[in-house]
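Q:
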Amino acid sequence: MNKKFLVLPLLTAAMLCAQGPRGFGRAAASTTPPTPAQIAQNDVNRLTKLLTLTPPQQTTILGILTTAITSLQANASALQTGRASLVAAIKANTAATNAATDATIESILIQMSPLQEKQDVIRYEAAAAVWAQLTSTQQALVTNVMSLFGGGGPGFRGMRPAGPPPAPATTTP
C-alpha cells in the first residue's frame, strides 16, 4: 500500500523533469521568438481551418498579415518601454509625491498615445483588408469582426463560428 503512494509522486516528478525548458512539446523548447512571417502563417493556417480559405486567399492574407505584424513589432519596443515607465511611476508614488506622480503618468501616456493609435490603425486596416478577401459565406462565419484581433495583435485567435448564443437554461418550479 505504501509503495502506491511513493510511485505516483516519483512518476510525476519524472514526467516534469522530462519536459522542455518552457512547457510541453517541441515548439515550447525553442527560445527563439517567431518571425512576423511565422506568426502570419500560423494565423493563415487557423483561418484556413475555420473559414476554408482558398489558396489565392491564403497567399493574399499571408502578405497582409506579414506586413501588419512587421509594422506592429516596430512600435512594440517603444510601447513596452512606456509601459515599464508607467509601472515604475506607479510604484514610486507616495502620499508626498502623489501630484508629481500624476503628472509623470500623464506625460508618459501622452507620449505613448500616438504609438498606441498607430498600433490600432495597423490592426484595423489589416482586419479590413482581410475582410475584403473573404467571401460572403466566410464573412457570415465570423460573429464579430473585432474578434479578428483576439490576443492583442492582428491574429485571429478570437474567431468562433457564427450563430445565436445558446438559450438560457430555464427551470420550472
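For the sequence shown, our numbering gives the first residue as 1, with consecutive numbering after it.
Ideal placement from N, C-alpha and C gives every residue a C-beta, glycine not left out.
1) With DSSP run on the structure shown, which of helix, strand or coil describes N98?
2) Which of the three DSSP states is assigned to P36 in this structure?
3) When you compare only the Cα positions, how much space is there between T66 and V87?
4) What is the rounded straight-line gap between the Cα of D102 and the Cα of A78?
5) What residue range does the alpha helix (DSSP H) around V87 cover?
6) Expressed to the nearest angstrom, what Euclidean distance is found between the alpha-carbon atoms of L50 and I61?
7) Just to confirm my understanding: we take Q41, look at its own chain, exclude 5 residues before and 5 after, and list those with CB closer than 7 Å. What are they?
8) Work out the CA separation of T97 and L53 for me, nearest whole Å.
9) Suppose contacts are defined by Cβ-Cβ distances below 8 Å. Is I105 in contact with G82 by that definition?
10) Compute the beta-carbon to beta-carbon distance between I39 and I69, rounded to the nearest angstrom, for a pair I have assumed lies under 8 Å.
11) Using alpha carbons as the reference points, say which of A95, A100, Q116 and P55 lies closest to Q80.
12) Excluding the five sequence neighbours on either side, which residues of its own chain have a C-beta within less than 6 Å of the C-beta of M112, listed in chain order?
13) Within 10 angstroms of the Cβ of D120, are there 16 or more other Cβ atoms? Answer buried if so, exposed if not.
14) Around the Cβ of I122, are there at least 16 other Cβ atoms within 10 angstroms (buried) or fewer (exposed)?
A: Answer, in terms of the structure:
1) helix
2) helix
3) 31 Å
4) Straight-line Cα distance between these residues: approximately 21 Å.
5) P55 to A92
6) 14 Å
7) Excluding five sequence positions before and after Q41, the CB atoms of its chain that fall closer than 7 Å to its own CB belong to L62, given in chain order.
8) 56 Å
9) no
10) 5 Å
11) Q116
12) G82
13) exposed
14) With 16 or more other Cβ atoms within 10 Å, it is buried.
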